[in-house]
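Under this note's numbering, the first residue of the sequence shown carries the number 16, and numbering increases by one thereafter. Even for Gly, the Cβ is constructed at its ideal location relative to N, Cα and C. Note that the structure is predicted; figures quoted are calculated from it, not measured. Below you'll find the structure, written out as structure tokens, and then a few comments.
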Amino acid sequence: MMKSAIALVFLACACAAPASIPPTPEPEALTLTWRTGGFAQPESVALSDDGGFLYVSNVNGEPDAKDGNGFISRLSVTGEMLQREWASGFDAPKGLLRSGDALYLTDIDQIVALDARTGAVRTRTPAPGARFLNDITETPGGLILASDSATRRIYVLRNGAAEIWLEDPLLAAINGFLPEPNRLIVTTMQGRLLAIDYQTRAITTLAEGLGDGDGVGALGQGRYLVSAWPGRILAVAADGTHRVLLDTQAEPRYQNDFLLLGDTLYQAQMAPGDVSAYRVTGIR
Numbered sequence: 016m017m018k019s020a021i022a023l024v025f026l027a028c029a030c031a032a033p034a035s036i037p038p039t040p041e042p043e044a045l046t047l048t049w050r051t052g053g054f055a056q057p058e059s060v061a062l063s064d065d066g067g068f069l070y071v072s073n074v075n076g077e078p079d080a081k082d083g084n085g086f087i088s089r090l091s092v093t094g095e096m097l098q099r100e101w102a103s104g105f106d107a108p109k110g111l112l113r114s115g116d117a118l119y120l121t122d123i124d125q126i127v128a129l130d131a132r133t134g135a136v137r138t139r140t141p142a143p144g145a146r147f148l149n150d151i152t153e154t155p156g157g158l159i160l161a162s163d164s165a166t167r168r169i170y171v172l173r174n175g176a177a178e179i180w181l182e183d184p185l186l187a188a189i190n191g192f193l194p195e196p197n198r199l200i201v202t203t204m205q206g207r208l209l210a211i212d213y214q215t216r217a218i219t220t221l222a223e224g225l226g227d228g229d230g231v232g233a234l235g236q237g238r239y240l241v242s243a244w245p246g247r248i249l250a251v252a253a254d255g256t257h258r259v260l261l262d263t264q265a266e267p268r269y270q271n272d273f274l275l276l277g278d279t280l281y282q283a284q285m286a287p288g289d290v291s292a293y294r295v296t297g298i299r
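Following this line, the structure appears as structure tokens:
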């Protein structure tokens with residue numbers, strides 16, 4: 016009887032399911048999905064309120080020239096050009112932010128608010144002392160912030176006026192924004208990835224040596240995707256180390272600001288004048 020019981024125990028152990036082994040996470044990688052040309056130095060991308068199309072800023076000239084040549088395009092999320100010059104008459108529009116029924120853009124030394132449906136200009140707000148406004152974003156608390164790459168400043172749009180929210184030597188050549196719940200992630204054209212606490216405005220350096228940083232998106236677990244002028248896209252690990260996922264400098268194909276939406280990266284490419292969509296693996 017004892018032998019039979021022991022045999023049954025061994026049989027049960029043999030039939031038990033093996034312990035599950037966590038799958039190996041996919042490494043970060045980019046795969047081109049589609050590409051649309053015909054833009055004039057596209058710099059930034061923003062999503063419409065219904066998620067059906069993208070707004071694309073076109074500098075169309077020198078990035079600091081007040082020439083009136085800049086415009087905004089509309090592009091479907093599958094790559095169809097809907098309207099090349101949907102809104103025009105800007106100088107060198109760069110960063111884009113769609114908030115509610117408004118589309119905000121930075122234009123050298125002013126923040127312009129458009130009707131997101133019609134493209135009509137609602138307001139033009141000068142940023143005193145600004146010389147090269149670049150990215151623009153909205154924090155979870157509702158602050159609309161704009162970077163000025165020429166003055167080491169972040170401006171805030173408040174009560175119909177733009178004022179300095181933060182100025183610091185670490186913000187030299189500041190560029191791209193990514194708002195998180197408690198902090199603002201910032202790229203600089205001096206190769207830094209920074210985090211700014213909304214409450215204290217204390218600055219923490221997350222990574223260095225990234226090159227001419229531009230766009231930034233979250234990959235999860237403290238990792239980030241960063242585009243760097245003129246033609247690289249990098250994955251930055253939580254410890255600040257980084258590796259190049261894409262290098263198109265030799266083509267040349269520039270990598271400017273981008274929109275990371277789910278596992279799709281919508282990338283503005285100032286030269287040769289494209290917007291490219293990539294599937295991103297490795298998001299956790």
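### Query
Shortest alpha-carbon distance to residue 269 belongs to which of 290, 288, 131, 245?
As a first step, residue 269 must be located in the sequence shown, where it is residue number 254. When only C-alpha atoms are compared, the closest one is 245.
### Query
Mapping DSSP to helix, strand and coil, what is residue 194?
Here residue 194 is taken as the residue at index 179 of the sequence shown, counted from 1. Three-state result, residue 194: strand.
### Message
Under DSSP, the beta strand (DSSP E) around residue 227 begins and ends at which residues?
### Response
Your numbering for residue 227 matches position 212 in the sequence shown. It spans 227-235 - the beta strand (DSSP E) in which residue 227 sits, taken as one unbroken run.
### Query
Which word fits residue 108, buried or exposed, when buried means at least 16 other C-beta atoms lie within 10 angstroms of its C-beta?
Residue 108 sits at position 93 when you count from the first residue of the sequence shown. Result: buried.
### Query
Three-state secondary structure (DSSP) at residue 184?
Position 169 of the sequence shown holds residue 184. Per DSSP, reduced to three states, the secondary structure at residue 184 is helical.
### Task
Note down, in chain order, each residue of its chain lying with its Cβ closer than 7 Å to the Cβ of residue 102, except the 5 sequence neighbours on either side.
Locating residue 102 in the sequence shown gives position 87, where the first residue counts as 1. Spatial neighbours of residue 102 in its own chain (CB-CB distance under 7 Å, excluding positions within 5 residues in sequence) are listed in chain order as 86, 87, 129, 134.
### Query
According to the neighbour-count rule (16 or more other Cβ atoms, all chains shown, within 10 Å of its Cβ), is residue 207 buried or exposed?
On the sequence shown, residue 207 is found 192 positions in, with the first residue counted as 1. It counts as buried.
### Query
Of the residues 265, 144, 279, 251, which one's Cα is nearest the Cα of residue 177?
Mapped onto the sequence shown, residue 177 falls at position 162. Comparing Cα-Cα distances from residue 177 to each of 265, 144, 279, 251, the minimum goes to 144.
### Message
Tell me which residues share the same chain as residue 298 and place their Cβ nearer than 6 Å to its Cβ, disregarding the 5 neighbours each side in the sequence.
### Response
Stepping through the sequence shown from its first residue, residue 298 is reached at position 283. Residues of the same chain with a CB within less than 6 Å of the CB of residue 298, apart from the 5 flanking positions on each side, are 234, 235, 278 in chain order.
### Task
Tell me residue 261's beta-bridge partners as DSSP assigns them.
Here residue 261 is taken as the residue at index 246 of the sequence shown, counted from 1. Bridge partners of residue 261: 248.
### Task
Could you check how far apart the C-beta atoms of residue 202 and residue 228 are, in whole angstroms? I think they sit under 8 Å.
The residue labelled residue 202 in the question sits at position 187 within the sequence shown. The residue labelled residue 228 in the question sits at position 213 within the sequence shown. That belief holds up - the Cβ atoms of residue 202 and residue 228 are roughly 3 Å apart, short of 8 Å.
### Paired residues, beta bridge with residue 141 - DSSP
Locating residue 141 in the sequence shown gives position 126, counting from the first residue. Note: residue 141 sits in a beta bridge opposite 125.
### Message
Bridge partners for residue 160 per DSSP, in chain order?
### Response
Position 145 of the sequence shown, counted from the start, is the residue given in the question as residue 160. According to DSSP, which records beta bridges pairwise, residue 160 is partnered with 152, 171.
### Task
Let me know the secondary structure DSSP gives residue 115 once reduced to three states.
Numbered from 1 along the sequence shown, position 100 holds the residue referred to as residue 115. Coil at residue 115, not helix or strand.
### Query
By the 10 Å Cβ neighbour count, where 16 or more other Cβ atoms means buried, how is residue 281 classified, buried or exposed?
Position 266 of the sequence shown, counted from the start, is the residue given in the question as residue 281. Within a 10 Å sphere around the beta-carbon of residue 281 sit 16 or more other beta-carbons, which makes this residue buried.
### Task
Out of 54, 39, 291, 180, state which residue places its alpha-carbon closest to the alpha-carbon of residue 72.
Counted from its first residue, the sequence shown places residue 72 at position 57. Out of 54, 39, 291, 180, 54 has the C-alpha closest to the C-alpha of residue 72.
### Query
Roughly how far, in whole angstroms, is the beta-carbon of residue 275 from the beta-carbon of residue 232, given that I think they are within contact range, below 8 Å?
If you number the sequence shown from 1, residue 275 lands on position 260. If you number the sequence shown from 1, residue 232 lands on position 217. About 3 Å separates the two Cβ atoms, so the contact holds.
### Query
Is residue 301 helix, strand or coil when you go by DSSP?
Examination of residue 301 is not possible in this model, given that the chain is present from 16 through 299 alone.
### Message
Based on DSSP bridge pairs, tell me the residues matched to residue 211.
### Response
One-based indexing of the sequence shown puts residue 211 at position 196. DSSP output for residue 211 lists 199, 218 as bridge partner(s).
### Inside the segment 46-73 only - alpha helix (DSSP H) runs reaching at least 4 residues
none
### Message
Am I right that residue 56 and residue 75 are in contact with their C-beta atoms under 8 Å? What's the rounded C-beta distance?
### Response
For the purposes of this step, residue 56 is identified with residue 41 of the sequence shown, where counting begins at 1. For the purposes of this step, residue 75 is identified with residue 60 of the sequence shown, where counting begins at 1. Confirmed, about 6 Å.
### Query
How is residue 131 classed by DSSP in three states: helix, strand or coil?
Taking the first residue of the sequence shown as 1, we reach residue 131 at position 116. Residue 131 falls in the coil class under three-state DSSP.
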